[in-house]
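Residue numbers (the numbering used here): 26 to 373.
A virtual CB, placed ideally from N, CA and C, is assigned to each residue, including glycine.
Just so you know, these numbers come straight off a predicted model, no measurement behind them.
For reference, the structure is listed below as structure tokens.
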């Protein structure tokens with residue numbers, strides 16, 4: 026049987042916000058002029074980002090979790106519908122032909138969830154299988170691709186993965202906690218979708234690899250509190266990633282008869298500037314290899330699980346692939362967990 030191939034991409038972004046304006050008009054007073062907060066804000070690598078909640082218009086920092094979850098449903102439905110609709114059109118697949126619809130998010134929950142509500146609104150068949158991927162964080166897109174690819178291979182039917190993250194709903198009350206300062210400076214909102222099919226040209230899903238260092242699990246957390254979800258993000262995270270990224274990637278490549286120089290392009294989740302520096306250093310990549318990731322961070326911020334799909338789509342736009350060219354996409358998150366997927370261009 027034919028392996029699954031990524032045949033279409035779609036994105037949807039809420040209103041644009043300028044990093045400088047957010048600081049000047051909200052976060053400068055929010056942090057009471059804290060110089061450390063200002064330094065962290067402008068060293069984040071972010072210049073613009075998108076958000077359903079602009080704190081200059083609507084400050085959610087003291088909202089309860091229930092109010093934030095209700096707003097999640099309101100805001101995520103149109104974004105998710107636009108992203109999936111664009112991906113289906115890009116892949117030339119009808120909604121009622123989709124066999125599996127998977128939705129990943131760590132920023133909002135509801136039952137019935139986005140998988141049910143969007144499959145209804147998009148006109149998917151009532152027999153469509155659905156999969157909810159919750160609270161995995163920034164790396165969720167990669168195991169999501171693996172799961173939908175397995176479905177496509179087993180059933181020879183199209184499948185869709187949507188990553189919809191609205192981190193702007195989770196601004197916390199003012200604090201001098203450095204980890205909160207970093208999180209508020211980095212994170213943003215986006216919806217991104219991919220369609221996988223068994224019978225078209227595209228990026229063939231070859232293999233997926235994962236590594237979780239549970240001994241360091243408290244270095245990155247995403248806790249549900251009475252005031253939304255609270256990020257814990259230790260400055261030690263890049264150091265842990267530095268220990269694992271090369272062994273994981275080399276193992277993924279070696280078992281498929283490849284080595285690092287054989288990879289045509291890299292789609293690296295830009296968790297922050299130091300993350301990109303660590304990945305480039307450990308894999309001995311030129312700055313150009315992670316330039317798209319840095320640009321996505323600059324223009325969109327860290328959009329959790331949606332980010333690596335934004336990077337992958339932009340990478341393909343900038344780097345036309347020949348038949349047989351390979352791409353490695355990777356992302357990182359709580360656990361501490363690293364996920365990577367090997368993709369190969371087929372049928373171009």
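Does DSSP classify residue 161 as helix, strand or coil? coil
Quick check: what's the CA-CA separation for residue 345 versus residue 116? One C-alpha to the other measures close to 17 Å.
Counting along the chain, where does the alpha helix (DSSP H) carrying residue 270 start and finish? 262 to 279
Pull up the distance between the alpha-carbon of residue 101 and that of residue 214, whole angstroms please. 10 Å
Run through DSSP, which three-state label would residue 371 get? DSSP places residue 371 in strand when its eight states are reduced to three.
Check whether the Cβ atoms of residue 71 and residue 211 lie closer than 8 Å to each other. yes
Selection from 81, 31, 34 and 336 that minimises the alpha carbon distance to residue 45: 81
Could you have a look at residue 214 and say whether DSSP puts it in helix, strand or coil? strand
Taking the beta strand (DSSP E) that residue 282 falls in, what are its first and last residues? Looking at the DSSP string, residue 282 is not in any beta strand (DSSP E), and its letter there is neither H nor E.
Quick check: the Cα distance between residue 33 and residue 27, rounded to an integer number of angstroms? Cα to Cα, the separation comes out at about 17 Å.
Contact set for residue 337: own chain, Cβ-Cβ below 7 Å, skip 5 residues either direction: 292 and 354
Helix, strand or coil for residue 108? Go by DSSP, reduced to three states. helix
With distance defined between alpha-carbon atoms, name the residue in 97, 370, 202 and 223 nearest to residue 24. Because the chain spans 26 through 373 in this model, residue 24 falls outside it and cannot be assessed.
Every unbroken alpha helix (DSSP H) inside the region 134 to 198 [4 residues or more]: 139 to 147 and 166 to 180
So for residue 313, helix, strand or coil by DSSP? DSSP places residue 313 in helix when its eight states are reduced to three.
contact_flag[the region 166 to 176, the region 246 to 264] where n(CB pairs < 8 Å) is 3 or more: no
Only counting runs of 4 or more residues, tell me where the alpha helix (DSSP H) segments fall wholly within the region 331 to 368, in order along the chain. 332 to 343
Beta-carbon separation of residue 183 and residue 222 under 8 Å? yes
For residue 240: DSSP bridge partner residues: Partner(s): none; residue 240 has no beta bridge.
Where residue 101 sits in the DSSP three-state scheme: helix
Member of 284, 332, 334 and 134 whose CA lies at the smallest distance from the CA of residue 350: 284
Give the secondary structure of residue 95 by DSSP, where H, G and I count as helix, E and B as strand, and everything else as coil. helix
Which value, in whole angstroms, describes the spacing of the CA atoms of residue 189 and residue 282? 34 Å
Consult DSSP for residue 90 and reduce its assignment to one of helix, strand or coil. helix
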